[in-house]
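*Asks:* Got a structure for you, written out below as structure tokens; questions coming shortly.
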Amino acid sequence: MSDKNQDNTKPTNFIRAIIDKDLETGKHDYIITRFPPEPNGYLHIGHAKSICLNFGIARDYNGRCHLRFDDTNPMKEEMEYIESIKQDVKWLGFDWGEHEYHASDYFDQLYQYAIELIKKSKAYVEHSTQEEIRQMRGTLKEPGKESPYRNRTVEENLDLFERMRDGEFDEGECVLRARIDMASPNLNMRDPVIYRILKAPHPRTGKKWSIYPMYDFAHGISDAIEGITHSICTLEFEDHRPLYDWFLDQVSVPCHPQQIEFARLNLSYTLMSKRKLLQLVREKIVDGWDDPRMPTVSGLRRRGYTPESIRDFSDRIGVAKRDSMVDLALLEYCVREDLNKRARRYMGVLDPIKVVITNYPEDKVEMLKAVNNPEDESMGTRQVPFSRVIYIERDDFKEDPPKKFFRLSPGKEVRLRYAYYITCVEVIKDEEDNIVELHCTFDPKSRGGFTPDRRRVKGTLHWVSAQHAAEATVRLYEPLFTLADLNDMEEDKDFHDYLNPDSLTVLENCQLEPALADLDTSDRVQFERKGYFVPDHKEYSSEKPVFNRIVTLRDTWAKIEKSMKKGE
RNA sequence: UGGGGCGUCGUCAAGUGGUAAGACACGGGUUUUUGGUACCCGCAUACGGAGGUUCGAAUCCUCCCGCCCCAGCCA
């Protein structure tokens, strides 16, 4: 391996390249990043990408990453969200240590910086209405017009701003604006509002303030106060960078962080806007923020995804500036890879059909040895009960087997995993021609799953002893939407038109290996041949086990079936 | 003919003038008591297009085309 590309494990991207250079040139010798959520919703996998990016950089460069709540809008923000965000970041495996901050911690300083701007004639109190301000802003093509209030004296502005703070004006009556350039081709520079009057109490500062800073003013200054070296945000803030820099140049802050923008995550079949996610919750299309179909961190957690797999996913998708749409299959690949190594194997029949082994003694019960994880011998073995009546999966039997079907069918022999070879001798049906039971015979010499004559048996089925089975509920999940690219909906349609009616399937009569009724809710397991499952942490109990399917196993047979159907 | 970005395989993504990494997906095969896993093979004469500079261009220049973002007292 003389290849320069041999190590793909370390993420490399344009942001790390910038940091490498800043370290080389001595611009910085310690790297500080930050993850700055607004506490107005739950974190989703797009945020996870940003968290992994910012905390990952801090970890790899021996720097640190701050958790800072961007809580400058008390109308939309709530304490509930702050707690969920902290829990999610921790669960993802990151630690901000002592460095938890809130933009609201800086309200006093921000206010002083605003005064500094006013004193430099770089800000003024605007008394025009919201509508008038919009009119004066101009359009994309036409320059804006200067406000009649733009040239108020410093003293007047100072007085007015103080009175804004003291609550003398009503909401909407006036705002503080930066005095930049109404003719700028960048609309963000046309005297942006930096303080507005909001009489709402703030979750953290209570009734202390009746004016609140806007994002553009608060964010950069907060970065500077904390000594952030690289302020990483998403692409839509690219146009704001000149403003970010302008504020930091005008005001006496301790340093001037560099804003760097990257493309946010888009995932196929997945909605990634906080607003629409909120809608799904409010309209009860899903069962809360942590519904296992949600792309929220709490949803993924309840679904059974591991933090390791999400971090791996983040590393694999990379970081760049072009708009992109990542294939859901990659996320699924990441969990499968993680769980394959770690999940214990069990047998669980999701859609049972009864099988009577006619030549097996009525009352006999045997304990058979099963391997817990073929990928990891140290995980040991277990004993599984076997008896005369068992369940197998309904679609593991076909009366008229298609080509290449090597599961059970009349007259055919298959292996029951870790148990015996059985041959189907009779199909029992009800009046409506539904198969209700199969009668099979077993070969006593095949105990454990192989015979002295070493004859080959192609199919191996999972099974559960009927008298020992634990009855359980299993929920199967599919994507919430039927459209891969939800940014590309037809005109006059919205996401409601693309809801997948099969996103949730609840199976009530599943028959599971008894050990499955006695798991810890953090145990993720594999049901052999079916997929990876996790006990639902809200509903699972030994009396009534409830499982969520995390992801299926790769299913080559399903692909063959599909292509055979196409070929017909 | 407002400004800011971006265009490399189906999807991500390296590449920074020296002759197109890697991953997922997909197709084929080997092993297999999970049609799982693992392993092997294949998969861009080609980098949005057209010109140009150069011995040599995905990388530099020119023009063109396409996509995304911005007119909140949201972040």
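Taking our numbering, I'd label the letters of the first sequence as residues 489 to 1056. Even for Gly, the Cβ is constructed at its ideal location relative to N, Cα and C. It should be emphasised that the depicted structure is a prediction, and the values quoted were computed from it without experimental measurement.
#1: Do you know whose CA, among L1000, L628, G787, lies nearest V1058's CA?
#2: Using only alpha-carbon positions, find the residue among V994, D1006, I506, Y1028 that is nearest to D839.
#3: List the residues that DSSP assigns as beta-bridge partners of N1036.
#4: Between the Cα of T694 and those of E566, T722, E749, R833, spot the shortest distance and give me the residue it belongs to.
#5: In the structure shown, what three-state DSSP assignment does P730 receive?
#6: With respect to the alpha helix (DSSP H) encompassing P795, which residues constitute its N-terminal and C-terminal limits?
#7: For M855, is the classification buried or exposed, using 16 other Cβ atoms within 10 angstroms of its Cβ as the cut-off for buried?
#8: Please report how far the alpha carbon of V769 lies from the alpha carbon of D775, in whole angstroms.
#9: Measuring CB to CB, does P873 end up less than 7 Å from H984?
#10: Can you list, in chain order, the residues of its chain whose CB lies under 6 Å from that of G551, leaving out five sequence neighbours each side?
#11: Indicate the three-state DSSP secondary structure (helix, strand or coil) for H590 in the structure shown.
#12: If the criterion is Cβ atoms closer than 7 Å, does the pair S991 and L968 meet it?
#13: Rounded to whole angstroms, what is the Cα-Cα separation between I910 and A808?
#14: So what does M855 bridge to, in DSSP terms?
#15: Counting C-beta neighbours from all protein chains within 10 Å, is the total for T869 16 or more, i.e. buried, or is it exposed?
#16: Measure the C-alpha to C-alpha separation of F732 and T1009 and round it to an integer number of angstroms.
#17: Would you give the residue range spanned by the beta strand (DSSP E) that Q1014 belongs to?
#18: Can you confirm whether the region 739-755 touches the region 612-629 when touching is taken to mean that 3 or more C-beta pairs between the two stretches lie within less than 8 Å?
#19: Would you mind working out which of A591, P680, R833, V843 sits nearest Q1014, comparing C-alpha positions?
#20: So K633 and M670 are supposed to be a Cβ contact under 8 Å. How far apart are they, rounded?
#21: Only counting the same chain, and skipping five residues up and downstream in sequence, which positions put a Cβ closer than 6 Å to that of T939?
#22: Going straight from the alpha carbon of T1040 to that of K1018, what length do you get?
#23: Given this structure, state the Cα-to-Cα distance separating L555 from G585, to the nearest angstrom.
*Replies:* In brief:
#1: This structure cannot settle anything about residue 1058, because the visible part of the chain is limited to 489 through 1056.
#2: Among V994, D1006, I506, Y1028, the Cα nearest to that of D839 is on V994.
#3: Looking at the DSSP assignment, N1036 forms a beta bridge with R963, V1022.
#4: According to the sequence shown, residue 694 is Gly rather than Thr. Distance check between G694 and each of E566, T722, E749, R833 places E566 closest, using alpha-carbon atoms only.
#5: Collapsing the DSSP output to three states places P730 in a helix.
#6: Counting along the chain, the unbroken alpha helix (DSSP H) around P795 starts and ends at 795-805.
#7: Note on M855: under 16 other CB atoms within 10 angstroms of its CB, so exposed under the neighbour-count rule.
#8: Distance from the CA of V769 to the CA of D775, rounded to the nearest whole angstrom, comes to 7 Å.
#9: If you check the CB distance, P873 and H984 do not come in under 7 Å.
#10: Scanning its chain for C-beta atoms nearer than 6 Å, with the 5 sequence neighbours on each side dropped, one finds around G551 the residues Y518, I519, I520, in chain order.
#11: The three-state secondary structure of H590, taken from DSSP, is strand.
#12: Yes, the pair counts as a contact, with Cβ atoms nearer than the cut-off.
#13: One C-alpha to the other measures close to 56 Å.
#14: Note: M855 sits in a beta bridge opposite P873.
#15: The residue in question, T869, is exposed, as its Cβ has fewer than 16 Cβ neighbours within 10 Å.
#16: One detail in the question is off: residue 732 reads as Tyr in this sequence, not Phe. Computed Cα separation, rounded: 46 Å.
#17: Where Q1014 is concerned, the enclosing beta strand (DSSP E) stretches over 1013-1015.
#18: With a cut-off of 8 Å on Cβ pairs, the region 612-629 is not in contact with the region 739-755, counting fewer than three such pairs.
#19: Per the Cα distances, R833.
#20: About 6 Å separates the CB atoms of K633 and M670; that is less than 8 Å, so the two are in contact.
#21: Answer for T939: K933, listed in chain order.
#22: CA-CA distance, T1040 to K1018, rounds to 6 Å.
#23: Roughly 9 Å between the two C-alpha positions.
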